[in-house]
Amino acid sequence: MGFFARLKEDLDAARSHDPAARGSFENLFAYSGLHAIWIHRLTHRLWQNPGLRFPARLLSQLGRFLTGIEIHPGATIGRRFFIDHGMGVVIGETAEIGEDVMIYHGVTLGGRSLARIKRHPTIGDRVTIGAGAKILGPITIGRDSAVGANAVVVKDAPPESIVTGVPAKWRHRDAQRETKPAVDPAEYDIEYRI
């Protein structure tokens with residue numbers, strides 16, 4: 005995929021995941037989550053060459069300074085990844101993230117070991133991770149799952165799960181329940197009088 009096609013795909017992903025996104029021009033210049041992933045793509049490419057790992061780390065630290073988002077150059081990230089708000093996001097070296105994943109601010113994809121092994125999580129396709137969630141260790145969050153805000157996840161979750169709590173537990177998604185709006189306007193039928 006070419007540079008401009010990938011850029012357009014990222015901008016489209018931002019619009020599809022964020023109702024506040026007003027347009028590609030604004031997103032191009034004002035979305036730190038997009039800037040962080042673009043910097044990561046460059047640093048990840050450098051990281052693939054063992055002789056360029058130091059410049060990759062320096063550039064990733066510059067990206068962290070500019071965006072408030074820390075993504076290790078060794079992390080593997082799929083297409084149409086979107087970070088909403090972004091501040092405080094940390095993604096470790098051996099993390100693997102699938103396609104169409106969305107995460108919010110304060111998320112950590114971290115390790116629990118000092119050994120030089122796979123020590124960070126694997127996130128499946130189409131997963132949403134809520135603000136402040138901590139997913140720790142070489143665990144897997146299955147495709148089409150959602151991790152609740154501030155959850156602390158240290159065990160695998162199968163595909164199509166809702167993962168919440170401290171420590172987090174999972175349950176299968178209820179497709180019928182998931183289609184109902186979070187707030188039903190009929191429940192707030194209020195007349196306003198002047």
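Using the numbering used here, read the sequence shown as starting at 5 and increasing by one per residue.
No residue lacks a Cβ here, since even glycine has one placed at the ideal position from N, Cα and C.
Remember, predicted model here, so these are calculated numbers, not experimental data.
Check your understanding: So what does DSSP say about Leu-113, is it helix, strand or coil?
Key -> Locating residue 113 in the sequence shown gives position 109, where the first residue counts as 1. Leu-113 falls in the strand class under three-state DSSP.
Check your understanding: Applying the criterion that 16 or more other CB atoms from any shown protein chain within 10 Å of the CB defines a buried residue, is His-124 buried or exposed?
Key -> What you label residue 124 is simply residue 120 of the sequence shown in a count that begins at 1. Buried is the call here.
Review point. Should the segment 12–24 be regarded as contacting the segment 44–52, the criterion being three or more beta carbon pairs within less than 8 Å?
Key: no
Check your understanding: Of the residues Ala-135, Val-131, Lys-122, which one's Cα is nearest the Cα of Ala-99?
Key -> The sequence position of residue 99 within the sequence shown is 95, counting from 1. Nearest of Ala-135, Val-131, Lys-122 to Ala-99, Cα basis: Lys-122.
**Study point:** Cβ separation of Val-131 and Val-111, assumed to be a contact under 8 Å, to the nearest whole Å
**Key:** Here residue 131 corresponds to residue number 127 of the sequence shown, with the count starting at 1. Here residue 111 corresponds to residue number 107 of the sequence shown, with the count starting at 1. Contact flag wrong, Cβ pair sits at about 11 Å.
Review point. Taking C-beta to C-beta, are Val-151 and Ala-135 nearer than 8 Å?
Key: Walking along the sequence shown from the start, residue 151 turns up at place 147. Walking along the sequence shown from the start, residue 135 turns up at place 131. No; because the gap between Cβ atoms is not below 8 Å, this pair is not in contact.
**Study point:** Cβ-based neighbour list, Gly-90, same chain, cut-off 7 Å, excluding 5 preceding and 5 following
**Key:** Position 86 of the sequence shown holds residue 90. These residues qualify, in order along the chain: Ser-36, Gly-37, Ala-40, Thr-71, Gly-72, Ile-73, His-109.
Practice item. Using three-state DSSP, classify Arg-175 as helix, strand or coil. Key: The residue labelled residue 175 in the question sits at position 171 within the sequence shown. The answer is strand: DSSP assigns Arg-175 an E or B state.
Practice item. Could you pull the start and end residues of the beta strand (DSSP E) that Thr-168 belongs to? Key: As a working note, residue 168 is residue 164 in the sequence shown. That run of the beta strand (DSSP E) goes 165–169.
Review point. Buried or exposed: His-176, going by 16 or more other Cβ atoms within 10 Å of its Cβ?
Key: Translated into the one-based positions of the sequence shown, residue 176 becomes position 172. Answer is exposed; the Cβ neighbour count stays below 16.
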